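Protein chains: 2
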Amino acid sequence: MSKTLMIGDLASATGTKVNTIRFYEETGLMRRADRTASGRRTYDFEDLKRLRFIRRARRLGFETKEIRSLLALSDRPEAPCEEVTDIALGHLTDIEAKIAQLIRLRDELNRMIRLCAGGSISQCQILEQLAESS
Amino acid sequence: MSKTLMIGDLASATGTKVNTIRFYEETGLMRRADRTASGRRTYDFEDLKRLRFIRRARRLGFETKEIRSLLALSDRPEAPCEEVTDIALGHLTDIEAKIAQLIRLRDELNRMIRLCAGGSISQCQILEQLAESS
DNA sequence: CTACATCCTCCAGTCACTGGAGGATCAAGC
DNA sequence: GCTTGATCCTCCAGTGACTGGAGGATGTAG
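Here the protein sequences come in this chain order: F and V. Counting with our numbering, you get residues 1 to 134 for the letters of the first sequence. Counting with our numbering, you get residues 135 to 268 for the letters of the second sequence.
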């Protein structure tokens, strides 16, 4: 058998904290790992692949709920690819909304900062702007 | 006196949940409100102004720690405006980094979605990409 | 007098981890 | 065989910024 991997191996291979891997097991993202006689978790390369998938999806900003769906889908190879695309498209929409929002914030902050001509707090335009009833 | 405002008035005037205002009191963003004989919080227009300031800064994405600093600064009218500008500039840098990061994610997601030619899960390029060791 | 709204305190839950206490096990070197 | 240090285990508390609800008191309008 190829159950040669310990939790620390998975951690260093994926840049995940050991505690985080245990957390993924607890919350069902990773299956419950088999244990040695002394109770240590053992993993094989399938587990490593799964963890890599999870971490990569997390880096792309998918929520665990979405990752759970994606993982469930990848277990049904005959299912239509559409469901995956839908999840990805929904996520894309979220990201685009966030970008638009942040750009608005950036512009407003920039505007506020440019107004500041130095001087003392009592004349500070940034605080002034924040204090105004929106 | 002008302590005519109850917590619900502040809530509806600022679009804040009542529980959130209590939370701000608990965590020291808002001062501990005076109480009526029966224990209800009373507020004046100064409190309302402060809450508006907090909410506006939160909408602009400032953390409570930063807001605490800004509020402390606005109590020192003779202090130099520079400290405020520094907080705002630091925040601006954070926002710009976040925007750049999100744009990278968006492009990568877009790329993955475009690769998907339909068909079944087993050929899904999105899952494929996620499964690849990065 | 009776609804019903609003208020109170206290506590648990959200999300995705992170960090640490306290203790067991393992591998390597002497 | 013994020590040392790394790694592992379980369990629990904390993060940030709230949100929601239970269970009960108070206020107000008709």
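Glycine is no exception: its CB is placed at the ideal position from the N, C-alpha and C atoms. These numbers were taken from a predicted model, which means no experiment stands behind them.
Which of helix, strand or coil DSSP assigns to residue i
i, result
"T148/V", "helix"
"R240/V", "helix"
"D168/V", "strand"
"R41/F", "strand"
"L182/V", "helix"
"L29/F", "coil"
"L130/F", "helix"
"L194/V", "coil"
Proximity to residue i [Cα-Cα], best of the options
i, options, result
"S254/V", "R111/F, R76/F and Q125/F", "R76/F"
"T93/F", "I229/V, I237/V and L223/V", "I237/V"
"P269/V", "T4/F, S74/F, E66/F and A117/F", "One cannot answer for residue 269/V here, as it falls past the ends of chain V, which runs 135 to 268."
"I54/F", "A100/F, E96/F, L29/F and A72/F", "L29/F"
"S256/V", "S122/F, F45/F, Q123/F and E83/F", "E83/F"
"E230/V", "E96/F, G90/F, R106/F and I95/F", "R106/F"
"R135/F", "T27/F, E108/F, T85/F and G90/F", "Since the first and last residues shown for chain F are 1 and 134, residue 135/F lies out of range."
"G90/F", "T20/F, E66/F and K49/F", "E66/F"
"E132/F", "A265/V, E212/V and K183/V", "K183/V"
"L243/V", "T20/F, S38/F and D86/F", "D86/F"
Residues of its chain near residue i, where Cβ-Cβ distance is below 8 Å and the 5 sequence neighbours each way are ignored
i, result
"A33/F", "I7, E25, R41, T42, Y43 and D47"
"G35/F", "The question names Gly, but residue 35/F in the sequence shown is Arg. R41 and T42, listed in sequence order."
"K232/V", "none"
"L261/V", "I255"
Per-residue burial, residue i [other beta carbons within 10 Å of its own, 16 or more giving buried]
i, result
"F157/V", "exposed"
"A57/F", "buried"
"Q101/F", "exposed"
"R31/F", "exposed"
"T16/F", "buried"
"A88/F", "buried"
"T14/F", "buried"
Close Cβ partners of residue i (< 7 Å) along its chain, the five nearest in sequence each way excluded
i, result
"Q259/V", "M246, L249 and C250"
"V18/F", "I7, G8 and A11"
Contact set for residue i: own chain, Cβ-Cβ below 6 Å, skip 5 residues either direction
i, result
"Q129/F", "M112"
"L5/F", "Y43"
"L51/F", "L10 and T14"
Task: the stretch 199 to 206 of chain V touching the stretch 55 to 68 of chain F, judged by at least three CB pairs closer than 8 Å - done: The stretch 199 to 206 of chain V, when compared against the stretch 55 to 68 of chain F, does not touch it at the 8 Å Cβ threshold.
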